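Colleague: Numbering-wise (my numbering), the sequence shown opens with residue 10 and increments by one.
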Amino acid sequence: MKTLDRYLLREVLAHFSLGLAVIVLLFLAGAVYEVLAPLVAKGADPYTLLLYLFYRTPEALVRGAPVAYLFALLFLLSRLGEDSELKALLALGIRRERVLLPLLGLGALLALLGFLLGESLVPKALAQGQDLLRRQVLERPRTLLTPGTTFQDARGRVVYVGEVARDRIGKLRILSQEEVVLAEEGRFQGGILQVKKGLRVTYEGDRPRTLTRFQEGELVLRDLTFEPWQNPANRMTLKELKEEVERLRKSGVKAGLEATTYYRRYAEPAASLVFALFATGLAFYLLGGSRSLGLVGVAVLTFFYYATWSVGRIMGEQNALEPMLAAWGPNLAYGLLGLLLFLGGRR
10 MKTLDRYLLR EVLAHFSLGL AVIVLLFLAG AVYEVLAPLV AKGADPYTLL
60 LYLFYRTPEA LVRGAPVAYL FALLFLLSRL GEDSELKALL ALGIRRERVL
110 LPLLGLGALL ALLGFLLGES LVPKALAQGQ DLLRRQVLER PRTLLTPGTT
160 FQDARGRVVY VGEVARDRIG KLRILSQEEV VLAEEGRFQG GILQVKKGLR
210 VTYEGDRPRT LTRFQEGELV LRDLTFEPWQ NPANRMTLKE LKEEVERLRK
260 SGVKAGLEAT TYYRRYAEPA ASLVFALFAT GLAFYLLGGS RSLGLVGVAV
310 LTFFYYATWS VGRIMGEQNA LEPMLAAWGP NLAYGLLGLL LFLGGRR
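#1: Note the first and the last residue of the continuous alpha helix (DSSP H) segment covering L22.
#2: Spatial neighbours of G185 within its chain, please: CB distance less than 8 angstroms, with the 5 preceding and 5 following residues excluded, ordered by chain position.
#3: Any chance the segment 17-37 sits against the segment 59-78, with 3 or more Cβ pairs inside 8 angstroms?
#4: Measure the alpha-carbon distance for G371 versus A276 and round it to whole angstroms.
#5: Thinking C-alpha only, which one of E194, R72 and G214 is nearest L208?
#6: Just the C-alpha distance for L266 and L330, rounded to the nearest angstrom, thanks.
#7: Going by DSSP, what residue range makes up the alpha helix (DSSP H) through R107?
#8: My guess is that L304 and G90 are in contact by the Cβ rule of under 8 angstroms, so how many angstroms apart are they, rounded?
#9: Roughly how many angstroms lie between the CA atoms of T12 and L154, to the nearest whole one?
#10: Since V283 is in the alpha helix (DSSP H), which residue starts that stretch and which ends it?
#11: Rounded to whole angstroms, what is the Cα-Cα separation between A136 and L59?
#12: Taking buried to mean at least 16 other C-beta atoms within 10 Å of its own C-beta, is E68 buried or exposed?
#13: Where does Q139 land, buried or exposed, given buried means 16+ other C-beta within 10 angstroms?
#14: Can you give me the start and stop residues for the alpha helix (DSSP H) that A74 sits inside?
#15: Flag this pair as touching only if the segment 345-354 and the segment 276-293 have three or more C-beta atom pairs under 8 angstroms; answer yes or no.
#16: At which residues does the beta strand (DSSP E) containing L181 begin and terminate?
#17: In whole angstroms, what is the alpha-carbon distance linking R258 and E252?
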């Protein structure tokens, strides 16, 4: 490895590590504010919730790595330009491509690691974190359930919760096309919801067929989920996502959420390669005058990518934009602009 390569990689990795640490902390701070603080206030086990943060960390690392790399590249190359180090390299006959090469190599490595982690560790960690919250619901319903919460039992019936006490739920309605069950109270026992003092009404078409009162009954739960601003498709592997997209499309359903998540699984890690081209092209382009990017410019360009990525993701998931374009659009924009800047920059 050449001295120039070692210098560039050492400097960019130092900025990247700092940026990634900040982004991960911000990501987890959002989880603390939106989810964990209210749950702790309601009596949830703090150790369990800290473990939940641990399960969310791999996702934060994979999502934050490209953005942190963009920040590190812009910050480093902007400083090199301000200190005339880039001009010195050009004066020594070192081409811009020689500066770009090691940054592209590091970007490719980050992209590969991000893809592998996003396909293996992240879905498993998210599923474990979800299961952790599910157990909190079963053990302490008051921590995660509120009046108006709904979930499903193993037969696909919708369970509506009208009242939540410390260790029980009440005013239950179990709804399906064939029957309606009303129960005064219920308690969780493992994967079972035990209900008491209720009324069961079955229907034949639109007309009631039978009416039965009961003292006790049981509902087997299929899944009791709690999704704090989280996309459930993130817990699927690429194979599972592809099968789900095909199944939904065959059924005539728009699979915006699943398809966008599928394409983003490739696009997000690949952004590191695009950023190497964009940052290098911008740095050499700015050498043509007295312009300087500065810390504010670095922050603005980094935030702009995150903003376009977020808007594209939401529009794709809501079927307002083609999923492939929603996932790859920000990369294409930064990539094309980076190529133009690189070709038009100072040689």
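For each residue, glycine too, the CB sits at the ideal point set by N, CA and C.
Note that the coordinates shown come from a computational prediction; the quantities given were computed from them, not determined experimentally.
Modeller: With the structure as the only source:
#1: T12 to A40
#2: Sequence check: residue 185 is Ser here, not Gly. Same-chain partners within the cutoff: R164, G165, R166 and V167.
#3: yes
#4: There is simply no residue 371 to check, as the chain begins at 10 and stops at 356 in what is shown.
#5: E194
#6: 11 angstroms
#7: R105 to E128
#8: Contact flag wrong, Cβ pair sits at about 13 angstroms.
#9: 59 angstroms
#10: G265 to Y294
#11: 16 angstroms
#12: buried
#13: buried
#14: P55 to E91
#15: yes
#16: I178 to L184
#17: 10 angstroms
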